[in-house]
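K.L.:
Okay, handing you the structure first.
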Amino acid sequence: RAHCNMWVSAASSWLPPGQWAKRQTVNTEWDGTTSVLAVDSAVDDSKYVGVWCRKNTDGDIVASVEFQTESIAEMWERITGALEREPKTQLAITPSLFIHTPEKFQRRTVQWGYGEINKYTSTVKSLINEDRVKHTGEVLLSEHVNRAVLIRGQGGALSISSQRSPGPIEACRCLIVAAAMVSRPGGANKPSMGLSR
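Numbering-wise (this note's numbering), the sequence shown opens with residue 917 and increments by one.
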């Protein structure tokens, strides 16, 4: 399933082959409105990843990998740096990681989990199809997006599945949550509580 240490794209990927590559943008200038840093862990908690979404001056949502770490301590260092650097950035994090959120960031933090992935996947898939979600070209995010497999979730809603996908997809999950929150009129609002993965 792997070649040169890179996972191949899933045959049943949630996006058509080559579509994500076409969404890379050179306009990364943030328009200054509310942005979202979504954070998740690998299924085995061996890695932690953060994906930052914001709108650029063209009105497109732009996604970038903010970090990938192998320890919770380093993860919080990177989160702290990002939130202190950008006061208009909101943190979206899974419940298992939320309990460690520093008090000074709790008012800027929302929790997300499987419920949010179940609700937001179709919306973000449509935004990507409509060329309204762009990215800055990181290999990690491209690999995770291209290998994510689509399933029918609760109530028949479309969702991506870690269990069905041929490799890690936590960056793709972060993309879905952050992009959906940034796309909302008036900025990023709090999602409802959900169970992780």
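The C-beta atom is built at its ideal place from N, Cα and C for all residues, glycine as well.
Counting pairs of Cβ atoms below 8 Å between the stretch 960-970 and the stretch 992-1003, do you hit three or more?
P.N.:
yes
K.L.:
Label R1063 either buried or exposed according to how many other C-beta atoms from any shown protein chain fall within 10 Å of its C-beta, with 16 as the threshold for buried.
P.N.:
Within the sequence shown, numbered from 1, the residue matching residue 1063 stands at position 147. With 16 or more other Cβ atoms within 10 Å, it is buried.
K.L.:
Buried or exposed: which applies to D1047, given that a residue is buried once 16 or more other Cβ atoms fall within 10 Å of its Cβ?
P.N.:
Within the sequence shown, numbered from 1, the residue matching residue 1047 stands at position 131. It is exposed - the Cβ of D1047 has fewer than 16 other Cβ atoms within 10 Å.
K.L.:
Does S962 pass the burial test, meaning 16 or more other C-beta atoms within 10 Å, or should it be called exposed?
P.N.:
Counting from one through the sequence shown, the residue named residue 962 turns up at place 46. The residue is exposed, with fewer than 16 neighbouring Cβ atoms inside 10 Å.
K.L.:
Using the rule of at least 16 other Cβ atoms within 10 Å of the residue's Cβ for burial, across every protein chain shown, is V1093 buried or exposed?
P.N.:
Taking the first residue of the sequence shown as position 1, residue 1093 is located at position 177. So V1093 ends up on the buried side.
K.L.:
What is the DSSP secondary structure of L1074, counted as helix, strand or coil?
P.N.:
In the sequence shown, counting from the first residue as 1, residue 1074 sits at position 158. In the three-state reduction of the DSSP assignment, L1074 falls in the strand class.
K.L.:
Can you determine whether any heavy atom of the ligand SAM sits closer than 7 Å to the C-beta of T1010, and answer yes or no?
P.N.:
In terms of ligand content, the structure shown is empty, and the ligand SAM therefore cannot be addressed.
K.L.:
Quick one: grab the DSSP three-state call for E982.
P.N.:
Your numbering for residue 982 matches position 66 in the sequence shown. Note: E982 maps to strand in three-state DSSP.
K.L.:
Can you tell which of T985, Q984, V1065 and C1088 has its C-alpha closest to the C-alpha of Q1079?
P.N.:
Indexing the sequence shown from 1 puts residue 1079 at position 163. Ranking the options by Cα distance to Q1079, first place goes to V1065.
K.L.:
When you compare only the Cα positions, how much space is there between L1056 and A937?
P.N.:
For this step, residue 1056 is matched to residue 140 along the sequence shown. For this step, residue 937 is matched to residue 21 along the sequence shown. Looking at the two C-alpha atoms, the distance is approximately 13 Å.
K.L.:
Under the assumption that L1086 contacts V965 (Cβ atoms under 8 Å), give the Cβ distance between them as a whole number of angstroms.
P.N.:
In the sequence shown, the residue the question calls residue 1086 occupies position 170. In the sequence shown, the residue the question calls residue 965 occupies position 49. Correcting the residue type first, residue 1086 is Glu in the shown sequence and not Leu. With a Cβ gap of about 5 Å, E1086 and V965 count as contacting.
K.L.:
Please report the straight-line C-alpha distance between V1040 and Q1027, rounded to a whole angstrom.
P.N.:
On the sequence shown, position 124 is the one that residue 1040 refers to. On the sequence shown, position 111 is the one that residue 1027 refers to. In a straight line, the C-alpha of V1040 is about 18 Å away from that of Q1027.
K.L.:
Take G948 as the anchor and find which of I977, I1015 and Q940 has the nearest alpha-carbon.
P.N.:
Taking the sequence shown and counting its residues from 1, the one referred to as residue 948 is at position 32. Among I977, I1015 and Q940, the Cα nearest to that of G948 belongs to I977.
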